[in-house]
Every structure is written in structure tokens, then in C-alpha cells.
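Colleague: If you scroll down you'll find the structure; I have some questions about it.
There are 2 protein chains.
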Amino acid sequence: MTFRAPVRDLAFALKTVGHSALMAQAFPDLDEDTVLAVLEAAGAFTESELAPLNRKGDTEGAKYANGKVTAAPGFAAAYQAFVAGGWNALSSDPEYGGQGLTGALGLAVFEMVHASNMAFGLCPMLTQGAIEALALHGTERQKRLVLPKLVSGEWTGTMNLTEPQAGSDLAAVATRAEPDGKGGYRLHGQKIYITWGDHDAADNICHLVLARLPDAPPGVKGISLFLATKRLVDDAGNLGDPNDLRAGSIEHKLGIHGSPTCVMLFEGAQAELVGELNNGIAHMFVMMNAARLQVGVQGVAIAERAFQQALAFAQERKQGRAAWAPDGAIYGHPDVRRSLLLMKAKIEAARAICLSTGVLNDVARLAVDEAARAVAKARAELFTPIAKAWSTDIGVEVASMGVQIHGGMGFIEETGAAQHYRDARIAPIYEGTNGIQAIDLVGRKAPMENGAVVDALAAEMHETANALSGTPGLETVGARLEAGVAALERATDWILANKGPNALSGATPYLKLAGDVVGGWMLGLQALALVGATDDWSASKAALARVYSAQILAQAPGLAEGVMEGAGDYEAVSAHALGG
Amino acid sequence: MTFRAPVRDLAFALKTVGHSALMAQAFPDLDEDTVLAVLEAAGAFTESELAPLNRKGDTEGAKYANGKVTAAPGFAAAYQAFVAGGWNALSSDPEYGGQGLTGALGLAVFEMVHASNMAFGLCPMLTQGAIEALALHGTERQKRLVLPKLVSGEWTGTMNLTEPQAGSDLAAVATRAEPDGKGGYRLHGQKIYITWGDHDAADNICHLVLARLPDAPPGVKGISLFLATKRLVDDAGNLGDPNDLRAGSIEHKLGIHGSPTCVMLFEGAQAELVGELNNGIAHMFVMMNAARLQVGVQGVAIAERAFQQALAFAQERKQGRAAWAPDGAIYGHPDVRRSLLLMKAKIEAARAICLSTGVLNDVARLAVDEAARAVAKARAELFTPIAKAWSTDIGVEVASMGVQIHGGMGFIEETGAAQHYRDARIAPIYEGTNGIQAIDLVGRKAPMENGAVVDALAAEMHETANALSGTPGLETVGARLEAGVAALERATDWILANKGPNALSGATPYLKLAGDVVGGWMLGLQALALVGATDDWSASKAALARVYSAQILAQAPGLAEGVMEGAGDYEAVSAHALGG
Chain A
0 MTFRAPVRDL
10 AFALKTVGHS
20 ALMAQAFPDL
30 DEDTVLAVLE
40 AAGAFTESEL
50 APLNRKGDTE
60 GAKYANGKVT
70 AAPGFAAAYQ
80 AFVAGGWNAL
90 SSDPEYGGQG
100 LTGALGLAVF
110 EMVHASNMAF
120 GLCPMLTQGA
130 IEALALHGTE
140 RQKRLVLPKL
150 VSGEWTGTMN
160 LTEPQAGSDL
170 AAVATRAEPD
180 GKGGYRLHGQ
190 KIYITWGDHD
200 AADNICHLVL
210 ARLPDAPPGV
220 KGISLFLATK
230 RLVDDAGNLG
240 DPNDLRAGSI
250 EHKLGIHGSP
260 TCVMLFEGAQ
270 AELVGELNNG
280 IAHMFVMMNA
290 ARLQVGVQGV
300 AIAERAFQQA
310 LAFAQERKQG
320 RAAWAPDGAI
330 YGHPDVRRSL
340 LLMKAKIEAA
350 RAICLSTGVL
360 NDVARLAVDE
370 AARAVAKARA
380 ELFTPIAKAW
390 STDIGVEVAS
400 MGVQIHGGMG
410 FIEETGAAQH
420 YRDARIAPIY
430 EGTNGIQAID
440 LVGRKAPMEN
450 GAVVDALAAE
460 MHETANALSG
470 TPGLETVGAR
480 LEAGVAALER
490 ATDWILANKG
500 PNALSGATPY
510 LKLAGDVVGG
520 WMLGLQALAL
530 VGATDDWSAS
540 KAALARVYSA
550 QILAQAPGLA
560 EGVMEGAGDY
570 EAVSAHALGG
Chain B
0 MTFRAPVRDL
10 AFALKTVGHS
20 ALMAQAFPDL
30 DEDTVLAVLE
40 AAGAFTESEL
50 APLNRKGDTE
60 GAKYANGKVT
70 AAPGFAAAYQ
80 AFVAGGWNAL
90 SSDPEYGGQG
100 LTGALGLAVF
110 EMVHASNMAF
120 GLCPMLTQGA
130 IEALALHGTE
140 RQKRLVLPKL
150 VSGEWTGTMN
160 LTEPQAGSDL
170 AAVATRAEPD
180 GKGGYRLHGQ
190 KIYITWGDHD
200 AADNICHLVL
210 ARLPDAPPGV
220 KGISLFLATK
230 RLVDDAGNLG
240 DPNDLRAGSI
250 EHKLGIHGSP
260 TCVMLFEGAQ
270 AELVGELNNG
280 IAHMFVMMNA
290 ARLQVGVQGV
300 AIAERAFQQA
310 LAFAQERKQG
320 RAAWAPDGAI
330 YGHPDVRRSL
340 LLMKAKIEAA
350 RAICLSTGVL
360 NDVARLAVDE
370 AARAVAKARA
380 ELFTPIAKAW
390 STDIGVEVAS
400 MGVQIHGGMG
410 FIEETGAAQH
420 YRDARIAPIY
430 EGTNGIQAID
440 LVGRKAPMEN
450 GAVVDALAAE
460 MHETANALSG
470 TPGLETVGAR
480 LEAGVAALER
490 ATDWILANKG
500 PNALSGATPY
510 LKLAGDVVGG
520 WMLGLQALAL
530 VGATDDWSAS
540 KAALARVYSA
550 QILAQAPGLA
560 EGVMEGAGDY
570 EAVSAHALGG
């Protein structure tokens, strides 16, 4: 199955979430034609260089032997081509060698990278996080010697957070950082689940590591962020001896076999502090937020790939009398087509949410107007957990629907549909589980400014609902969006009024409700943007908005009831009563 | 992770779906104590003999070499123990050596078999289908020589339906049956996806094969059902030479690796007709309906296993400050507990639907009153596609939620949660995809007797809703069930009024709606049955009914809108517009 870069959909999605306005204000050298050219070139690269390696990455995977990790077959060469093509440096600051494009465009490119080969995409994705952390909090030396190498992609980056006892709860991090008496530190400890923690695809690997000093306060306020490179770097930037750190093993995982997930052993590794002592968690969140949005994009990407494969299969496979296909292709069966359109509608909604968050991050960083920056920053913070969790849940759902469309062949590994179902499953877990995202949403994000951030969003969505209700062919979308926004407002009021276990037990349905409604809004905006156009692609966008409104938005009022249930029953039931 | 047979839940579920009344009427020798004793003994067997093999079945799987299949390590010995324990013969007719228990009790036992080891359970499950087909349509010779061996389990059975071009569309079956001039036939052709098509766990394998005579009419009306045994059987029942059939290969699958999925090659195999010439599809549906219900039970089973593992993990794993657990066990986190209770509520609802269908099948077969038999038969027919599709979708959902509760460890194969996620994925596909079930529901089942079968069900559900609404603590369950039943009635009216593509494009949401509402009804009945009981297990059943009503039933009215959307948008969108 070949991958076809969804360039037209991506360019259109960018436009409808404010990318043009962003460019006009902050990127005078960037125009729509350039955006399209970048997307097309990136699309061609992912189609020809990355997609063909995806299956081999799955079947052969990365290998661990004698303390070293070898990337999956072809991955190292593809990575070199990726770096040589300048794809790693797209959105980075030109000061460090980046191309200075918008972060949103970088995200769109990364969607294609992940769709073509998610296991591969993780390597530059992690590097991206390291770039953002060092650009914001790095020392002069780190910015001079390390950052440009990360921006170019000659070196790669990792995030070393998790330890066996410290997963969602980073307060439990135990890796020690001992001052070496020369201004540096020595790290001792074990990290797990370190994505691309070791490999042979680049000259050096820059590990950003959470650890605590011997005299640090307990809990999250005693954790600092360190940089430890696989090979030491002298003051001229030359590579020296190997550092005292190594991969201890790689995990045997359900999916993304092409991405080595390492146990990393720090055995007195030389390290430098990044940012302030004991403020590592805050610095880490810079990486983490970027990574969360990227993981959301992975959800979209794997869904897109699964959708493409299912669509191609449905056009080829003939079974029975299909109402809408004279040749009997199962694409002509109403139930199959319903499934495909729902997959596509979910993908477009999730894509728009992720790219919108990307644009908001750009505006928050670059808008001239300070108030506009603040507004964008708040909404980006609100959207980030939704982009991560809602999109990755959709990745799993759509990959599962893709398997289903294949019938029996979907369960056979050679078909490839099953790989997407396996690969997709990690995205709701890593970079903060979707449960953690939901808790972040109800605990920190929805309550921002006393709910005013959600209120402002709701007001905009009401406006769109009005516009839809007045547009022939989109009236039902408008009515259902209106009802959905009202349901979200009720649920938000309840969440703000109910702290603690009540709100926490409603967190997951609240996040789903928010994603469902915001996704419906995005599809409504897309349909409005194409009113009057009569080509089949434009008509399909209106159809997708209607399908989504009937199949998903219509359930928003019911979902809100689930949010507002309260914790009583959950609190009361013992594990014993459930058979535990 | 050990498996704990959910004996108490199963016994209770049986009671609330009319098993006691069934026993009183048609099984005078069977009482509640015996039921419990059977469940306990079966539970002990599955816990000690089958569950420990489940992981090895996954990691090592069945093997193919030199035209022969070897069962996964330990499976053949476990199968011998299964047969020796009499577990294969539970519900079969004593005339053929069965124990004559209710089919519903047999299903409950099979739930534990599948939960402990789904790949293993497929072997006796397929035998069960062959038993039912031969008991109804077999010749005297088949009933004398073959049926008792299948009932005891000494020989196993298979269903040979699918061919590369004939999956959901059996009209395309091309395997040839040529008369041998001696009253028998010779089969020529290739079948695929044949579960336990070859193995070394039993002395003989009885293949029930769809094929067509050279002069048969085209389409489904030219297909006949044949019996071809792996080894020939003489008139005294002795095993003779190998037949001219063999496994050509086994598939490399996403899950159920312990179940060999064979390509079967019929190379002039000797075969006997089963039932009438050219009526094979109808005879096959006897097997198929039994298998569909069993597959629904597999959905429940894998969900139960995944739930147990997640619950055990949540009690052990400590992360952060848990609102409801002083020791920090993640079972004390509201979001985790919500997830676990929702898993459990779905399991209990699906279990009740499957066991209810089992009881209805028994009543349809055995009730003294002819009218009662007819009523039960119609409802069993209505329930069968729901039991199959809704329960297996829940199997996938719950297995996925189980992975999620494990966090990063869920993605590591050694943990075992991922196996359930992989194993569960086949159940929505085989024995008629869930799309086919939905089409069966809207096309044949809901329209039975002009909708009167659904009407009668709705009337009963309204009664239960009334009872719930008048019961302290269950009022909200009653109100939501009432609204859910009304939504199902609206959707049913629409389905009956809209044939063709409109109804077909609403089929999948209609089935989900029906399952959601009937499942809510079942949980409501369970809660009503325990009113007044104060132990924590009884209290948990009321809590599960409330949780389910808030999280699932509340969405029924919105889901009904999705059913009644119509086919317009689906019909209009070309594959090209979607990027195909």
C-alpha cells in the first residue's frame, strides 16, 4: 500500500485555522504558494523515502546487541536523507540554522512524516522537543555547540523522564545528579521508555534528563533538567569520548517496532544543567507541550494512513451486490461508505484541531499585539490536551475501523492494516496518558481566567453555528453545533463548580465532549469556507460536516450528562466488589 | 496474571435472564445448586488448565510444517483434559452422549473457556457448530458414526466457508463437489481462514464444507453442505486412510496465535452430503447462528479477561496522590476508577445480552407452549446479531481501555494487556463481520412481523423503566432507559419506513443503539433483582446500572439521530473526492 501525501487537505486545513493571517502578520516572506511548495516537496519525500520503510520497520524493527542499538533496515540512510533535505530544520529559528517557517507548517509536514512512517517520525519529533528546551533555557555553550546540530538534525535528541516508579507521577523521579566540582554534574540512575534513546542513525544523541541533586527538596520542586550527550563535546564542538551512559535493552512492544524504546543507564554520565536548578519540571514542560501536540498529530497521521489503506481496499475488493458500485466494489456498500466517511470526518476534525493549536502557538510567540499573544497562548493551552488526547483516541478508532473494512484480511499481518492498529495504540499513552490530559483540561485549562477562555471559544463557536444555520445545506450542522456548544457550556460550568473527585471523574468525558464540539466547529468552518464551490472535493467537505454533525455532534448533549454525573458511584465501589 | 472465573457474576446473569424459569419448565433435573457446581468446576478447570497456556499460545503459537499443523505448546494435552472432563459435551443431546444441560449454561461455561484462552476455545466452539449442523441435518450414518465423536470431543469440527473471492458474499463460493458415482462426492477447491483446520490435538477432524455441484444453479441456491473428514471413517466407525485434503499453510495473524487459521486444500477429498442438495447455505446458518452467539460470548470473555488484568494492575500500581487510595494505588484515581467501572458495566450488559439469547434459544427449542417457542425464537433471532456485534465491539473497546490503564506497560508485550487488544480484534470480523450483522438486523430482524418483535421488546423495556423510575436510587436509570427505549422506537420506525441504502447506511448506528438500550435494560433488571441487598457486590450492580445509564444510555437519543440521517451524503461522495 502506497502512501499519498494529503497535501490539498493539509493546505486547506491550515488556511481555515488562521495560517494565512499569521503569515501576513509575522512571516512576510512566506506566502500560500510557498506553503504549497513546501507541503508538496515534503509529501514527495515522505511518499518515496519514508513510506516504503514502514513495513520493514515493523517486521524487522530496531535491534539491540552488545549495548548498542541499530536502527531498523533503511532507517539510518533515510534519516540522513531527511537531514540533508533540510526537513529537520523547517520551523526552527534561523539564528540556529533553522528555516524560520511557521510551527504550524512544520506540524503539517510532520503529519506526513508520521503517516508515512510513525516509528521513524519519532526520532526528529523528540529532537524537536530538545531544540525547544535548549532554545528557551539552554546556556550560551549549549546554544552555540549543541542547538545548531539538533536543528540541522546531525544530532538527535531524547527526553529522559520516566523511571520504573515514576511514570505519570514525575515527583517520584530518583535519578541522581552529583556536582562534579567543576561546574558540571554526574548522572546516576535508570530511565525507561526512552524513545530513540540509542541508535546508529546520527553522530551524537543529546539526552535531556530529569534528575535530582543530593540535597534537593523532595517532590517535583527538587527536580532539575540536565543535558548529557552520548559522546562528549569539547569547546570547539568536536566529538570526544563516549559518555558514561548506555542503552541497557530495548522493549518488545505492541507496535512502532522501528522506534527503539530504550532502557537508559546513566552510570556517572557527565551532564550540564539546563535552565534553573530545581526548576526542571517547568523546563521539561516546554518539551512536553511541543511533544503533546506532535503526538496529537501522530494520531491524525496514523488515522490518515489507515484511512487511505481502507479506501484503496474498498475500491478494489468486490463482494456481493453493492448499491452504489456496478462492479461490486465494497466502496459501493452503504455501510462501508458510512464507515469511510466517518473515518475521514474524524481525521479532518482532529487535523484542524492540531493545526489550529500550532497556529495559536505561533501567534502566541510572534504576534505584534501583546493582547493577541496572550489570547492565543491561553487558547493554545486549552487546546493542547484536547489535541493530544482526542486526536490519538481517533487514531486508535480509525485504525480499528480500517482493520474492520478489510474483513478477514485485516487480521492478517501481511495486509498492513493491523500494523496501524498496533502502532496507533501508543499515542494515547505516551507524553502524558490521555487520562492525564483530561485531568489537565479540567484541573488547569478549563478553569483558566475563571472559565473565560472557554467562554470566548464558546462565543466564537455560537457565531459559527449561527452562520451555518443560515446557510443552505448546512442548517442541520448549525443546529447541532449550537446544541453541542450549549452542552459544552453546561458541562464546563459544572466542572468549574465541582472541583476534586467530581470534576476528575468527569474529566475523560469532558475532554471527549470538548473535542467533539470543537472538531464539529472546525468542520463547520471548513464547509463555510467552501460555500459556492461545486467541485466534488469541496462538496465532500460539506458532506463530512453533515456526517460528523449527525454521527458525533448529535451525541454531545448526552455526553454532557456523563460529565456531570458526579463521583458518588465511582467512589463507593470497592475493587473487591468488582472481583478484585 | 491469573484468570479468576467470574462464577458469581455468571450465575447471577443467568438468573436474571430467565434461566431459572427455563430449568423449571424443561430441565427438571437441573437446579440452581447444580448450575453453580457446574460453573465452579468449569471455572476451576479454565483457571488451572487453560489460562496458564494463553501467553505461550500467543508467543509460540501453532506451527505449520510439512503439510501438518502442530497445536501451540500444551494445547493438545489441555484439549485431552477438556474432553476427558466432559466439558465438550455439556449442552449436547444425551442421545449422542451429551449431558443435556441448557445451552445457556453451556455458553456461560464457554465464556470462561474463551476468557482463559480464546485461541483454545475456538477449537471446541467450531466443533459445537458442526454438532448442531449434523444433529439437525445429518444422515443416519453421520449421526451414528460422527456425531457422538464430536459431542465427546474426540474429534473436532470446522466450518469451511470462505474462499479468496467469497468472504461476506458466499454466493461466490467456487469449491466443486463432483459425484463419485457411489453416492458420495469428491471435493476440489481451496478454502481460507479455516479455524483449527488442521492440528494434532484430536484423532480426526470433521470439515463441514460449502461447495457446489457441477450442474448446480449459480448463486447461493446452488451451494450444498458436505462433510469431509481428515481421516476416512468406515462403517464400523474405524479410522482409515487420510482423506485427500490438507492444510496448505497457516496465517500470520494479529492475534489468537494459538488458533491455527488454515488454508485448506481439497484435492479430490471424499465427502458426504449433509442435508439437502443446494440448500447448504440454510444448513450452514445453523452452524453460523450458533457460532455468532459464541463469538459474542468471546467478546464478553476477552473483555472480562482484560478487565481483570487492568483491575489487578490498578490495585498494585502506585502513582501520585490518589483521591480514594491512601497507598496511592491508581485504583484510587477517579479517572482510572471511572474507566474500570465503565468497562465492567459494558461487560455485564454484553454478558446478559448473550446469555439471554442463549436462554431464548433454549426456550425456542424446548418450551412446552408452541406460542412461547415462537416468541422466544423471534427474539433470539433479533438478539443474535446484537449479541455478536455489540459484544465484540465491546471486547475491542474494553481491551483497549485495559491497555490504557497500564500506561506505558500496556504497550509492552510481556505485560499481556496487548495480547487481549490483539486477540479481541478478530471477533468483530469473523462469523459475519459486524457490518453484516447490522445489515441482518435492519434488513431481516427488525422488520420481522412488521416490527412487532421489536415492539414487544420495547413494551417490556418500558415496563422495566417504569419499575426503575419508582425505585429509590434507580430513578435516573429508569428515566434514561425510558428515553433510550423511545429513541430506539423512533429509530426502528424510521428503519422500517426506509428500505434500501437509507436503512443500510443507518445499520451500524442502529445496531449500536439497540445494543446500548437492551444492555441498559439488562443492567436495570439486575439492579431491580437486588433491591434491598446491602452487601458491596449487590450495591455495585446498582452502581454499574447508574454508571451505564449516565455514560451510555444518555447518548441514545443522539445516536438515534445518526441512524435516521439518510444515505444522501454517503451516496454522493466519490472515492476520488476523499483522495482515493
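Chains as they are written, first to last, in numbering that gives the first Met the number 0: chain A, 0 to 579; chain B, 0 to 579.
C-beta atoms are modelled at their ideal positions from N, C-alpha and C, and glycine is treated no differently.
Between Met521(A) and Ala351(A), which are expected to be in contact by the criterion C-beta below 8 Å, what is the C-beta distance as a whole number of angstroms?
Modeller: At roughly 4 Å, the Cβ-Cβ gap stays under 8 Å, so Met521(A) and Ala351(A) are in contact.
Colleague: Compute the Euclidean distance between the alpha carbons of Ile393(B) and Ala426(A), then round it to the nearest angstrom.
Modeller: Straight-line Cα distance between these residues: approximately 21 Å.
Colleague: Find the nearest neighbour of Val145(B) within the set Ala322(B), Glu271(B) and Phe306(B), judged by alpha-carbon distance.
Modeller: Looking at the Cα atoms, Glu271(B) is the closest of the given residues.
Colleague: Rounded to whole angstroms, what is the Cα-Cα separation between Ser338(B) and Leu543(B)?
Modeller: Between Ser338(B) and Leu543(B), the C-alpha separation is close to 12 Å.
Colleague: Give the interface partners of Phe410(A) over in chain B, defined as CB-CB distance under 7 Å, in chain order.
Modeller: Within chain B, the residues near Phe410(A) are Lys252, Leu253, Arg424, Ile425 and Ile428.
Colleague: Could you have a look at Lys498(A) and say whether DSSP puts it in helix, strand or coil?
Modeller: In the structure shown, Lys498(A) sits in coil (DSSP, three-state: anything other than H, G, I, E or B).
Colleague: Would you say Ala386(B) reaches chain A, if we count a Cβ-Cβ gap shorter than 8 Å as a contact?
Modeller: Chain A contact via Cβ: absent.
Colleague: Starting from Phe26(A), trace the alpha helix (DSSP H) in both directions and tell me its first and last residue.
Modeller: From DSSP, Phe26(A) is part of no alpha helix (DSSP H); its letter is neither H nor E.
Colleague: Quick one: is Trp520(A) near chain B, going by C-beta distance under 8 Å?
Modeller: With 8 Å as the cut-off, Trp520(A) does not count as an interface residue toward chain B.
Colleague: Among Ile404(A), Trp195(A), Leu264(A) and Leu527(A), which one has its Cα closest to the Cα of Ile204(A)?
Modeller: Ranking Ile404(A), Trp195(A), Leu264(A) and Leu527(A) by Cα distance to Ile204(A) puts Trp195(A) first.
Colleague: Is there a C-beta anywhere in chain B that falls below 8 Å from the one on Lys343(A)?
Modeller: It does; some Cβ of chain B falls within 8 Å.
Colleague: Report yes or no: do the segment 323–331 of chain A and the segment 410–418 of chain A share at least 3 C-beta pairs separated by less than 8 Å?
Modeller: No, the segment 323–331 of chain A is not in contact with the segment 410–418 of chain A.
Colleague: Determine the direct distance from the alpha carbon of His575(B) to that of Phe81(B), and round the result to whole angstroms.
Modeller: So the alpha carbons of these two residues sit roughly 53 Å apart.
Colleague: Report yes if the CB atom of Asp22(B) is closer than 8 Å to the CB atom of Asp32(B), and no otherwise.
Modeller: Residue identity check: residue 22(B) is Met in the sequence provided, not Asp. Not in contact: Met22(B) and Asp32(B) (Cβ atoms no closer than 8 Å).
Colleague: Buried or exposed: where does Lys67(A) fall if 16 or more other Cβ atoms within 10 Å of its Cβ makes it buried?
Modeller: So Lys67(A) ends up on the exposed side.
Colleague: So what does DSSP say about Phe109(B), is it helix, strand or coil?
Modeller: Helix at Phe109(B).
Colleague: Any C-beta of chain A sitting closer than 8 Å to the C-beta of Asp597(B)?
Modeller: The structure shown does not extend to residue 597(B), since chain B spans only 0 to 579, so no value can be given for it.
Colleague: Could you tell me whether the Cβ atoms of Ala363(A) and Ala379(A) are closer together than 8 Å?
Modeller: Yes.
Colleague: What is the rounded straight-line gap between the Cα of Leu49(B) and the Cα of Leu487(A)?
Modeller: Roughly 47 Å separates the two Cα atoms.
Colleague: Do you know offhand how far Thr15(B)'s Cα is from Glu459(B)'s?
Modeller: Thr15(B) and Glu459(B): Cα-Cα distance of roughly 14 Å.
Colleague: Based on the DSSP output, what are the partners of Gln189(A) in its beta bridges?
Modeller: For Gln189(A), which the question treats as bridged, DSSP gives the partners Leu264(A).
Colleague: Quick one: list the residues of chain B neighbouring Pro147(A), beta-carbon separation under 9 Å, in chain order.
Modeller: Ordered by position in chain B, no residue passes the 9 Å Cβ test against Pro147(A), which lies about 32 Å from the chain.
Colleague: Contact check, Ser268(B) vs Asn242(B) under 8 Å by CB: the rounded distance?
Modeller: Before going further, note that residue 268(B) is Ala rather than Ser in the sequence given. With 8 Å as the limit, Ala268(B) and Asn242(B) qualify as a contact, their Cβ atoms being about 5 Å apart.
Colleague: Can you pull the chain A neighbours of Ser504(B), defined as C-beta to C-beta under 8 Å?
Modeller: By Cβ distance, chain A contributes Pro333, Asp334, Arg336 and Arg337.
Colleague: Below 8 Å between beta carbons: does that hold for Ser390(A) and Gly298(A)?
Modeller: Cβ atoms of Ser390(A) and Gly298(A): closer than 8 Å.
Colleague: By the criterion of Cβ-Cβ separation under 7 Å, what are the contact partners of Glu570(A) in chain B?
Modeller: Under the 7 Å cutoff, chain B gives Trp323.
Colleague: Tell me the rounded alpha-carbon separation between Ala289(B) and Val395(A).
Modeller: Each residue's Cα considered, the two are about 31 Å apart.
Colleague: From which residue to which residue does the alpha helix (DSSP H) around Val145(B) run?
Modeller: That residue, Val145(B), is in no alpha helix (DSSP H); it is neither H nor E in DSSP.
Colleague: Taking C-beta pairs closer than 7 Å, name the residues in chain B that Arg3(A) reaches, listed in chain order.
Modeller: In chain order: Gly578.
Colleague: Considering Cα atoms alone, identify which of His18(B), Phe225(B) and Gly120(B) is closest to Glu275(B).
Modeller: Taking only the C-alpha atoms, the option nearest Glu275(B) is Phe225(B).
Colleague: Decide if Lys229(A) is buried, meaning its Cβ has at least 16 other Cβ atoms within 10 Å, or exposed.
Modeller: Buried is the call here.
Colleague: Could you tell me whether the Cβ of Pro500(A) comes closer than 8 Å to any Cβ of chain B?
Modeller: By this cut-off, Pro500(A) is an interface position.
Colleague: Please report the Cβ distance between Gln164(B) and Leu264(B), rounded to the nearest whole angstrom; I am assuming they are in contact, meaning their Cβ atoms lie under 8 Å.
Modeller: Actually they are not in contact, since the Cβ atoms of Gln164(B) and Leu264(B) sit about 16 Å apart, beyond 8 Å.
Colleague: For Ala373(B), tell me which candidate among Gly254(B), Glu448(B), Asp568(B) and Met287(B) has the shortest Cα-Cα distance.
Modeller: Measuring from the Cα of Ala373(B), the nearest candidate turns out to be Glu448(B).
Colleague: By the criterion of Cβ-Cβ separation under 7 Å, what are the contact partners of Arg545(A) in chain B?
Modeller: Near Arg545(A) (Cβ distances below 7 Å), the residues of chain B are Asp568.
Colleague: Taking C-alpha atoms, which residue in Gln403(B), Asn116(B) and Asp197(B) lies nearest to Thr260(B)?
Modeller: Here the closest residue by C-alpha is Asp197(B).
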